[in-house]
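Residue numbers (our numbering): 595 to 875.
Here a beta-carbon is modelled for each residue, glycine too, at the ideal position from N, C-alpha and C.
What you are looking at is a predicted structure, and each value in this text was computed from that prediction instead of being measured.
Have a look at the structure below before the remarks.
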Ligand SMILES: [Zn+2]
């Protein structure tokens, strides 16, 4: 209907066909670490004990090494199968592809931070418990300020594996895929105890697309009121109240510097209370 027929590229590994677990890379075409991690898992021919679906979400953007072609796929969920925008059609097709999967791991990389970050919605407890056990120091709920993101639309545990185009991001992504597969009993073995801090993204910090910015703070390092957060040709952005910088970078997004956040808790139980959702039995 709209030219070329495009769809996520998907394969099921392991015994059986009905995968209830999925690993997704390549929602953003310029973040190769996730796709490489998915390929490494396929090539290592792992001894899977249950079927796992492996998906490259946006093959045309991956092939052209661009974040997206028509629209940022991670802002257009649930998508639309009849849209002229490729990413809106792919988003709808991806949700169909993971139907029946109770847990999905989605891999990204970032301009903001070397440490891996887990992003889970307050509305999806099945993936919060997994995020709490992965080797990541920070778990973030984006619900208040991100519309149309994959982890808000489905039981998706989204990972920012590290800095875009670094070997370290690919290694982190591969380690996280392996830990995830152990936690869902797809691979044998145990995962060491983890002890992340939980955060809530509270709002976005806008920037002018045509200005150069110097970011003067570090992600996840609390900022006091009165701190100069960034400088640009137009002046300084000074914090008027304390916050925790989340996914802030000079070059990651065109129109925002990143997000302000706050600590939701040091345990998942405390974070769920802060998020206003009932305790998990
Ligand atoms: Zn991404």
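Bridge partners - residue i, DSSP secondary structure assignment
i, result
"residue 702", "754"
"residue 839", "854"
"residue 667", "Partner(s): none; residue 667 has no beta bridge."
"residue 562", "This structure leaves residue 562 out entirely; the chain is present only between 595 and 875."
"residue 811", "Beta-bridge pairing links residue 811 to no other residue."
"residue 832", "822"
"residue 690", "Residue 690 pairs with nothing; no bridge assigned."
"residue 800", "850"
"residue 696", "The partner list for residue 696 (beta bridge, DSSP) is empty, contrary to what the question assumes."
"residue 871", "Per DSSP, none; premise fails for residue 871."
"residue 616", "647 and 698"
"residue 628", "Note: residue 628 sits in no beta bridge, so no partner."
"residue 794", "735 and 856"
"residue 607", "646"
Residues near residue i by beta carbon distance below 7 Å, same chain, minus five either side
i, result
"residue 625", "702, 703 and 758"
"residue 727", "777, 785 and 788"
"residue 834", "819"
"residue 709", "731 and 732"
Distance between residue j and residue i (C-alpha atoms, nearest Å)
i, j, result
"residue 615", "residue 755", "19 Å"
"residue 861", "residue 873", "12 Å"
"residue 788", "residue 816", "21 Å"
"residue 601", "residue 649", "10 Å"
"residue 678", "residue 688", "16 Å"
"residue 811", "residue 827", "18 Å"
"residue 672", "residue 686", "6 Å"
"residue 651", "residue 693", "14 Å"
"residue 595", "residue 681", "Low per-residue confidence applies at residue 595: pLDDT is 47, beneath 50, and the placement is therefore not dependable enough to give any value."
"residue 721", "residue 820", "37 Å"
"residue 620", "residue 859", "31 Å"
"residue 664", "residue 750", "23 Å"
"residue 647", "residue 603", "10 Å"
"residue 863", "residue 791", "11 Å"
"residue 658", "residue 783", "38 Å"
"residue 781", "residue 842", "35 Å"
"residue 745", "residue 713", "7 Å"
"residue 606", "residue 633", "13 Å"
"residue 865", "residue 857", "8 Å"
"residue 638", "residue 772", "11 Å"
"residue 697", "residue 670", "20 Å"
"residue 676", "residue 667", "15 Å"
"residue 609", "residue 742", "33 Å"
Own chain residues within Cβ distance below 6 Å of residue i, not counting five before or after
i, result
"residue 707", "813"
"residue 724", "751 and 777"
"residue 798", "739, 850 and 853"
"residue 831", "823 and 824"
"residue 662", "655 and 681"
Cβ neighbours of residue i in the same chain (closer than 8 Å, five flanking residues each side left out)
i, result
"residue 855", "734, 793, 794, 795, 796, 837, 838, 839 and 840"
"residue 871", "716, 717 and 719"
"residue 808", "824, 825, 826 and 844"
"residue 800", "849, 850 and 851"
"residue 612", "645 and 694"
"residue 846", "704, 705, 706 and 852"
"residue 641", "781 and 782"
"residue 636", "605, 607 and 648"
"residue 762", "708 and 756"
"residue 869", "716, 735, 737, 794 and 858"
Q: List in chain order: all unbroken alpha helix (DSSP H) runs of 4+ residues lying wholly within the stretch 711-791.
A: 719-725, 744-747 and 761-777
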